[in-house]
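Trainee: The structure that follows is given in the form of structure tokens.
In my numbering, the protein residues as written are 856 to 1027.
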């Protein structure tokens, strides 16, 4: 396996952070969570950034931090935010600078994982299922466009998913 960055893309709640930490451990590489990095650098949580700057402001921060990490860090496993693929620039940067893994899950699985989650700005609505469906409708084609590998995250624990994913990556 080459020493390039590995990016995990996919919808919120699919397990990018949890699986990413496990995968990084198996590969003996650093792990970076873009959302956590945004919060750390901004000194504010994602919800506050959305409230103060809107989604546009958040996406601008996301792009700047993504590029900084890509171009200024050693080969890492990087969990992106669910909306990172909305930017054509981000899609291009991801594809040109590493291997992109689309972690997927069914709409039902995503809803089950996030039905009580209060930390996701885009899900602070009455009908979460509808929002999840709408987000996937827009984002799924973009995840697929950017992905080198599409991989289901529904295969058990994060450790198991990471191990099976590593086996899959070793074939590429």
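C-beta atoms are modelled at their ideal positions from N, C-alpha and C, and glycine is treated no differently.
Hey, quick one: how far does the beta strand (DSSP E) through residue 954 stretch, first residue to last?
Mentor: Position 99 of the chain shown, counted from the first residue, corresponds to residue 954. That run of the beta strand (DSSP E) goes 953-959.
Trainee: In the DSSP assignment, the alpha helix (DSSP H) including residue 880 goes from what residue to what residue?
Mentor: Sequence index remark: in the chain shown, residue 880 carries index 25 (1-based). Run containing residue 880: 871-882, per the alpha helix (DSSP H) assignment.
Trainee: Have a look at 932, 988, 942 and flag the residue whose alpha-carbon is nearest the alpha-carbon of residue 1020.
Mentor: Position 165 of the chain shown, counting from 1, holds the residue named residue 1020. Per the Cα distances, 932.
Trainee: What residue from 1024, 997, 944 has the CA that sits closest to residue 1006's CA?
Mentor: Taking the chain shown and counting its residues from 1, the one referred to as residue 1006 is at position 151. Cα-wise, what sits closest to residue 1006 is 1024.
Trainee: Is DSSP giving residue 1003 helix, strand or coil here?
Mentor: The residue you call residue 1003 lines up with position 148 of the chain shown. DSSP places residue 1003 in coil when its eight states are reduced to three.
Trainee: To the nearest angstrom, how far is the alpha carbon of residue 975 from that of residue 862?
Mentor: Working through the chain shown from its first residue, we reach residue 975 at position 120. Working through the chain shown from its first residue, we reach residue 862 at position 7. Because the pLDDT at residue 975 is just 49, under 50, the model does not fix this residue reliably, and the point stays unresolved.
Trainee: Could you name the residues of the same chain whose beta carbon sits closer than 6 Å to that of residue 886, not counting the 5 residues immediately before and after it, in chain order?
Mentor: Indexing the chain shown from 1 puts residue 886 at position 31. Here the set comprises 875, 876, 879, 932.
Trainee: Within its chain, find whatever has a CB closer than 7 Å to the CB of residue 953; leave out the 5 residues flanking it on each side and keep chain order.
Mentor: Working through the chain shown from its first residue, we reach residue 953 at position 98. 859, 860, 861, 862.
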